[in-house]
Amino acid sequence: MATTYPLPKFHFRVSFGDSEFNCTEVSGLDFEREMIEYRAGADTEYHKTKQPGLSKYSNITIKRGTFADTNKEFYDQWVKTVYFQEGEEQYRGDLTISLLDEKHEPVVTWKAERAYVTKIQSTDLKADGNEIAIETAEFVHEKLSLL
Numbered sequence: 003m004a005t006t007y008p009l010p011k012f013h014f015r016v017s018f019g020d021s022e023f024n025c026t027e028v029s030g031l032d033f034e035r036e037m038i039e040y041r042a043g044a045d046t047e048y049h050k051t052k053q054p055g056l057s058k059y060s061n062i063t064i065k066r067g068t069f070a071d072t073n074k075e076f077y078d079q080w081v082k083t084v085y086f087q088e089g090e091e092q093y094r095g096d097l098t099i100s101l102l103d104e105k106h107e108p109v110v111t112w113k114a115e116r117a118y119v120t121k122i123q124s125t126d127l128k129a130d131g132n133e134i135a136i137e138t139a140e141f142v143h144e145k146l147s148l149l
């Protein structure tokens, strides 16, 4: 009989279009359904009914170490959205985050559709620190699916 156990959250893969990011942290994989309260004028009971409304999704934040060869990757994506430089390439794409098992196979996958970078944050600089440089990118998207 196989033993089941919760998956560790430290083994995951992130990709956006053709790029795959080695990340230290991903947050914002949230789903929420807004609620609509409604009461018709002819209702005999004096209370509102609650009905499902629109879906709402958080922005997805990705953190990764700053590397010399890829340090402008997030920035280049952000520039395209700011200046709408959408020639042959589209600046929106699907952001895919997969939680992996010990065989490096996806077990749970989130897909953020039509995502783009809305904010980048470079590392803070401290002369007396010994931490690695971490950069952050925030993606907005139109829909989050659990595959």
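Numbering (this note's numbering), first residue to last: 3 to 149.
Yeah, the Cβ is synthetic: ideal placement off N, Cα and C, and Gly gets one too.
Same chain, Cβ closer than 8 Å to residue i, neighbours up to 5 away in sequence not counted
i: I136; result: T26, K65, R66, G67, T68 and T125
i: L101; result: L9, K11, H13, F14, P108, V109, V110 and T111
i: R116; result: R94, G95, D96, H143, E144 and K145
Which listed residue (the options) has its alpha carbon closest to that of residue i
i: V142; options: V16, I62, G55 and Y77; result: I62
i: K58; options: F33, D103, Q79 and E140; result: F33
i: I134; options: A70, K105, Y7 and L149; result: A70
i: I38; options: N24, T51, Y7 and L31; result: T51
i: F23; options: Y7, K74 and Q53; result: K74
i: V28; options: Q53, Y7 and S60; result: S60
Which residues DSSP lists as bridging residue i, in chain order
i: F33; result: Y59
i: K121; result: E140
Beta-carbon contacts of residue i that lie in its chain and below 6 Å, excluding the five residues immediately before and after
i: A139; result: I64, F76, V119 and I122
i: L31; result: W112
Sub-8 Å separation of residue i and residue j beta-carbons
i: L146; j: A114; result: yes
i: T98; j: S17; result: yes
i: G55; j: E36; result: yes
When the Cβ atoms of the segment 92-105 are set against those of the segment 37-50, are three or more pairs found closer than 8 Å? With the rule of 3 Cβ pairs closer than 8 Å, the segment 92-105 does not count as touching the segment 37-50.
Please confirm if the segment 118-135 is in contact with the segment 37-44, defined as three or more CB-CB distances below 8 Å between the two stretches. No, they do not touch.
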